[in-house]
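Here the structure is laid out as structure tokens; the discussion comes afterwards.
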Amino acid sequence: MKPTLLPRIIEYTVSHNVQHLILDYTCHIEDFPSCIFSCRTLTSLNLSGFIYNAILSHKPIFRNSLNLPALTNLSLKYFGFCRGDDGCVEPFSTFKMLNSLVIDCCIVLDAQKLCISSAKLVNLSILMWDSVPETYVGIYFGIELYAPSLHTFAFTGRYTPKLFGSKSVLSSIKHSRETSSILLNWLVELANIESLSFCSNTIKVLSLVPDLLKVEFHSLCTLKSLKIKTDRTSSIDDDMVGFLIQNSPSAKVDIIGL
Numbered sequence: 266m267k268p269t270l271l272p273r274i275i276e277y278t279v280s281h282n283v284q285h286l287i288l289d290y291t292c293h294i295e296d297f298p299s300c301i302f303s304c305r306t307l308t309s310l311n312l313s314g315f316i317y318n319a320i321l322s323h324k325p326i327f328r329n330s331l332n333l334p335a336l337t338n339l340s341l342k343y344f345g346f347c348r349g350d351d352g353c354v355e356p357f358s359t360f361k362m363l364n365s366l367v368i369d370c371c372i373v374l375d376a377q378k379l380c381i382s383s384a385k386l387v388n389l390s391i392l393m394w395d396s397v398p399e400t401y402v403g404i405y406f407g408i409e410l411y412a413p414s415l416h417t418f419a420f421t422g423r424y425t426p427k428l429f430g431s432k433s434v435l436s437s438i439k440h441s442r443e444t445s446s447i448l449l450n451w452l453v454e455l456a457n458i459e460s461l462s463f464c465s466n467t468i469k470v471l472s473l474v475p476d477l478l479k480v481e482f483h484s485l486c487t488l489k490s491l492k493i494k495t496d497r498t499s500s501i502d503d504d505m506v507g508f509l510i511q512n513s514p515s516a517k518v519d520i521i522g523l
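With the working numbering applied, the sequence shown corresponds to residues 266 to 523, in that order.
Structure (structure tokens):
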């Protein structure tokens, strides 16, 4: 497709009150016509940059201040996030109606954490880079999360990012391996989550927290479903399962063989 054709297509869709838009094209978001960034009818937006642009020097940057008041579903792949005028990387704060957010193979530039703040966010999915050099700038970052309505959080990646929020790591934990401590902090931060899906290796890492079963754990009170994926060579620690559902004993526990 000719580069000049895409702006015309976007302008046409906006002029006809587009609600759902999917763009998977090898161009920068800066090349889009300005009308798309202030479309008042758009409720669902799915943008995918080009993978070779994303991992090389030409990173498509997702703008920080878009005026999309009706947007409820947003999916981004192969984009970079930059700091705003306040020094924070918070690209989603203007989407007041956002209900579902997917961040797939994106990077954070010039900062150590990505801020996700949305009072109405229910579903969050984050997929981290899995096959780029570890020295690549921007693929490792923490997540500052404020989402009081969050029900479902799906995460896939080779490393566990630090999760920052209104709660801190349990004060009774004095010594722990970093990854296991981070996982425990996730459970504290995601206190109101209704469904959890773990692999058996994640359970093993969490069990490395010293004296974990003696900790006063006040999270996961609204848990309805716990799914644990395992292979034939792995065993599931019943005590760890009991720890996870201690505040929601009626939660359904499913052991799923791989």
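A virtual CB, placed ideally from N, CA and C, is assigned to each residue, including glycine.
* Three-state class that DSSP yields for residue 317 in the structure shown -> Start at 1 with the first residue of the sequence shown, and residue 317 comes out as number 52. Because the pLDDT of residue 317 is 49, which lies under 50, any placement of that residue in the model is unreliable, and the question is left without a value.
* To do: Would you mind working out which of 388, 269, 448, 333 sits nearest residue 279, comparing C-alpha positions?
  => Sequence index remark: in the sequence shown, residue 279 carries index 14 (1-based). Looking at the Cα atoms, 333 is the closest of the given residues.
* Asked: Can you name, in chain order, every residue of its own chain whose Cβ lies under 6 Å from the Cβ of residue 519, other than the five neighbours on each side?
  -> Working through the sequence shown from its first residue, we reach residue 519 at position 254. Excluding positions up to five away in sequence, the list reads 492.
* To do: Would you list the one or two residues that DSSP bridges to residue 380?
  => Start at 1 with the first residue of the sequence shown, and residue 380 comes out as number 115. According to DSSP, residue 380 bridges with 409.
* To do: Report buried or exposed for residue 269, applying the criterion of at least 16 other Cβ atoms within 10 angstroms of its Cβ.
  => By 1-based counting over the sequence shown, the position of residue 269 is 4. Residue 269 counts as exposed, since fewer than 16 other C-beta atoms from the protein chains shown sit within 10 angstroms of its C-beta.
* Asked: Can you round the beta-carbon distance between residue 389 and residue 415 to whole angstroms, since I take them to be within the 8 Å contact cut?
  -> One-based indexing of the sequence shown puts residue 389 at position 124. One-based indexing of the sequence shown puts residue 415 at position 150. Correct: roughly 6 Å between the Cβ atoms.
* To do: Count the other C-beta atoms from every protein chain shown that fall within 10 angstroms of the C-beta of residue 408, then say buried if there are 16 or more, exposed otherwise.
  => By 1-based counting over the sequence shown, the position of residue 408 is 143. Answer is buried; the Cβ neighbour count reaches 16.
* Asked: Between the C-alpha atoms of residue 486 and residue 506, what's the straight-line distance to the nearest angstrom?
  -> Along the sequence shown, read from residue 1 onward, the residue named residue 486 stands at position 221. Along the sequence shown, read from residue 1 onward, the residue named residue 506 stands at position 241. If you take the alpha carbons of residue 486 and residue 506, they lie about 14 Å apart.
* To do: Classify residue 300 as buried or exposed, calling it buried when 16 or more other Cβ atoms lie within 10 Å of its own Cβ.
  => Stepping through the sequence shown from its first residue, residue 300 is reached at position 35. So residue 300 ends up on the exposed side.
* To do: Taking the CB atoms as reference points, tell me whether residue 359 and residue 335 lie closer together than 8 Å.
  => For the purposes of this step, residue 359 is taken as the residue at position 94 of the sequence shown. For the purposes of this step, residue 335 is taken as the residue at position 70 of the sequence shown. No; because the gap between Cβ atoms is not below 8 Å, this pair is not in contact.
* N- and C-terminal bounds of the alpha helix (DSSP H) containing residue 526 -> The question about residue 526 has no answer, for the chain in this structure spans 266 to 523.
* Beta carbon of residue 331, beta carbon of residue 297: below 8 Å? -> In the sequence shown, the residue the question calls residue 331 occupies position 66. In the sequence shown, the residue the question calls residue 297 occupies position 32. No, the pair does not count as a contact, with Cβ atoms beyond the cut-off.
* **Nearest-angstrom beta carbon gap, residue 347 and residue 380 [assumed within contact, 8 Å]** => The sequence position of residue 380 within the sequence shown is 115, counting from 1. The sequence position of residue 347 within the sequence shown is 82, counting from 1. Actually they do not touch by this definition, with Cβ atoms about 12 Å apart.
* Give the single residue among 305, 357, 327 whose Cα lies nearest to the Cα of residue 344. => Locating residue 344 in the sequence shown gives position 79, counting from the first residue. For residue 344, the nearest C-alpha among the options comes from 327.
* Go ahead and pull the three-state DSSP assignment for residue 373. => As a working mapping, residue 373 is identified with position 108 in the sequence shown. Of the three classes helix, strand and coil, the one that applies to residue 373 here is strand, per DSSP.
* **Nearest-angstrom Cβ-Cβ length linking residue 521 and residue 494, presumed shorter than 8 Å** => The residue you call residue 521 lines up with position 256 of the sequence shown. The residue you call residue 494 lines up with position 229 of the sequence shown. Beta-carbon to beta-carbon, residue 521 and residue 494 are separated by about 5 Å, close enough to satisfy the 8 Å threshold.
* Looking only at its own chain, which residues have a Cβ that is under 8 Å from the Cβ of residue 254, when we skip the five neighbours before and after it? -> This structure leaves residue 254 out entirely; the chain is present only between 266 and 523.
* Asked: My guess is that residue 417 and residue 460 are in contact by the Cβ rule of under 8 Å, so how many angstroms apart are they, rounded?
  -> Stepping through the sequence shown from its first residue, residue 417 is reached at position 152. Stepping through the sequence shown from its first residue, residue 460 is reached at position 195. That pair is a contact at about 6 Å.
* Residue nearest to residue 305 in terms of C-alpha spacing, selected from 337, 425, 426 -> In the sequence shown, residue 305 corresponds to position 40, counting from 1. Checking every option, the nearest Cα to that of residue 305 belongs to 337.
* **Cut-off 8 Å between Cβ atoms - residues of its own chain near residue 510, not counting five sequence neighbours on either side** => For the purposes of this step, residue 510 is taken as the residue at position 245 of the sequence shown. Cβ neighbours of residue 510 beyond the five flanking positions: 485, 488, 491, 516, 518.
* **Local conformation of residue 506 per DSSP, three classes** => Counting from 1 along the sequence shown, the entry for residue 506 is found at position 241. The answer is helix: DSSP assigns residue 506 an H, G or I state.
* Asked: In or out: residue 282 buried (at least 16 other Cβ within 10 Å) or exposed?
  -> As a working note, residue 282 is residue 17 in the sequence shown. With a 10 Å radius around the Cβ and a threshold of 16 neighbouring Cβ atoms, residue 282 comes out exposed.
* **Enclosing beta strand (DSSP E) for residue 518 [first to last residue]** => On the sequence shown, residue 518 is found 253 positions in, with the first residue counted as 1. Note, residue 518: beta strand (DSSP E), 517–522.
* Asked: Skipping 5 residues on each side, what residues in its chain have a beta carbon closer than 6 Å to that of residue 287?
  -> As a position in the sequence shown, residue 287 is number 22, starting the count at 1. Hits under 6 Å: 311.
* To do: Take residue 497 and list the residues in its own chain whose beta-carbon comes closer than 8 Å to its own, dropping the five residues that flank it on each side.
  => Position 232 of the sequence shown holds residue 497. Cβ neighbours of residue 497 beyond the five flanking positions: 522.
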